Amino acid sequence: MAQVTQRPSGQPSGEDSPTGESSAGDRVRRRTVQTGGLEVPILEAGSGPLVLCLHGFPDHAANWAGLLDRLAQDGYWAVAPAQRGYWPGGAAPDGSYRASATGQDVLDLIEALGRERADLIGHDLGARAAYAAANLDAARVRKLVGMAVPYGPQLRTAWLANGDQQRRSWYMFFFQTALAEPAIELNDFAFIDRLWREWSPGYELPDAQRSALKETLRGPGVLTETLGYYRQLFSPPADEATQALEARASGPITVPSLYLHGADDTCMAVELSDGMDTLFKNGFERIVVPRAGHFLHLEQPKTVADHILGFLNN
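Residue numbers (this note's numbering): 7 to 320.
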């Protein structure tokens with residue numbers, strides 16, 4: 007396992023940290039881990055049982071800093087990796103941004119970190135990766151927390167038949183076009199600011215964190231790679247082996263699971279998580295977090311962290 011570039015993250019954490027401590031970012035370290043053919047940047051804090059925190063779009067690992075610190079204070083080794091495609095040189099080696107590929111990344115990282123299994127916390131597309139990992143090898147996942155993107159066929163059904171969700175998901179369809187990259191980059195990524203405002207009404211990502219996120223997306227080749235997640239979302243893989251792997255990554259989940267969704271989420275309607283319990287065969291709880299939108303772990307950090315730790319510690 008390769009380990010390089012170890013240093014404090016410098017991630018601001020005062021108002022965003024679940025603990026409210028301004029020094030939380032100083033306790034989060036950076037390094038890279040060789041896994042899956044990539045040198046994966048990770049943030050980490052603490053020691054103990056492993057918990058992986060998986061980010062979505064448009065986000066990056068640095069925005070987990072507050073939760074990493076809270077988990078570390080509770081006795082966990084909290085690690086937030088960059089998802090494939092989210093750093094220069096981090097393009098998917100096999101070209102895949104499908105659920106099965108990102109789920110396998112999670113399993114490979116657990117192994118690279120020297121552990122047999124881990125707890126998983128996934129937000130947005132990170133939740134999709136966590137669900138897939140739990141299906142690909144349930145023995146490697148102790149407990150699972152999904153946030154903001156529900157699990158099951160109801161989401162695809164909504165894209166087909168639910169006009170309200172089709173309007174909420176307009177950006178996914180726009181990302182299929184060649185206009186996406188120049189539109190997103192225009193005026194210092196004003197498009198990204200718009201998504202955060204629309205998805206989490208009333209929440210403003212602090213300037214330093216917004217600038218850091220834009221620097222991530224501004225990296226050479228990064229934006230096109232991150233859009234690959236959406237450009238492969240609506241088309242099935244051509245080869246039968248990958249089709250079978252995707253089907254395996256989408257079955258009933260046998261890992262004890264918690265699902266959190268912001269009551270004011272205007273990206274994914276909270277109603278899309280209704281009935282999720284039928285797909286979880288070893289314990290499931292859904293919690294709707296009040297006064298929170300899509301980025302609930304940043305909007306209500308203490309509440310979200312309390313729910314997560316209550317689940318992990320039980």
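C-beta atoms are modelled at their ideal positions from N, C-alpha and C, and glycine is treated no differently.
None of the values given here were measured: they were computed from a predicted structure.
| Query | Result |
| --- | --- |
| Beta-bridge pairing of Ile-48 - partner residues as DSSP gives them | Arg-37, Pro-87 |
| Exposure of Ser-279, with buried meaning 16 or more beta-carbon neighbours within 10 Å | buried |
| Exposure of Asn-320, with buried meaning 16 or more beta-carbon neighbours within 10 Å | exposed |
| Buried/exposed call for Ser-106, threshold 16 Cβ in 10 Å | buried |
| Meets three-Cβ-pair contact criterion under 8 Å: the stretch 262-273 and the stretch 233-249 | no |
| Start-to-end residues for the beta strand (DSSP E) that takes in His-129 | 124-129 |
| Cα-Cα separation between His-313 and Tyr-209, rounded to whole angstroms | 20 Å |
| Start and end residues, beta strand (DSSP E) containing Lys-321 | Because the chain is modelled from 7 through 320, residue 321 falls outside the range shown and cannot be assessed. |
| The stretch 227-235 touching the stretch 70-78, judged by at least three CB pairs closer than 8 Å | no |
| Three-state secondary structure (DSSP) of Lys-308 | helix |
| Three-way DSSP call (helix, strand, coil) for Tyr-82 in this model | coil |
| DSSP-derived helix/strand/coil call for Glu-204 | helix |
| DSSP three-state assignment for Glu-291, whether helix, strand or coil | strand |
| Contact check, Ile-259 vs Leu-161, beta carbons under 8 Å | no |
| Cross-strand partners of His-267 (DSSP beta bridge) | Val-294 |
| Start and end residues, beta strand (DSSP E) containing Leu-228 | The sequence as given places Val at residue 228; Leu does not occur at that position. From DSSP, Val-228 is part of no beta strand (DSSP E) but of the alpha helix (DSSP H) over 228-237. |
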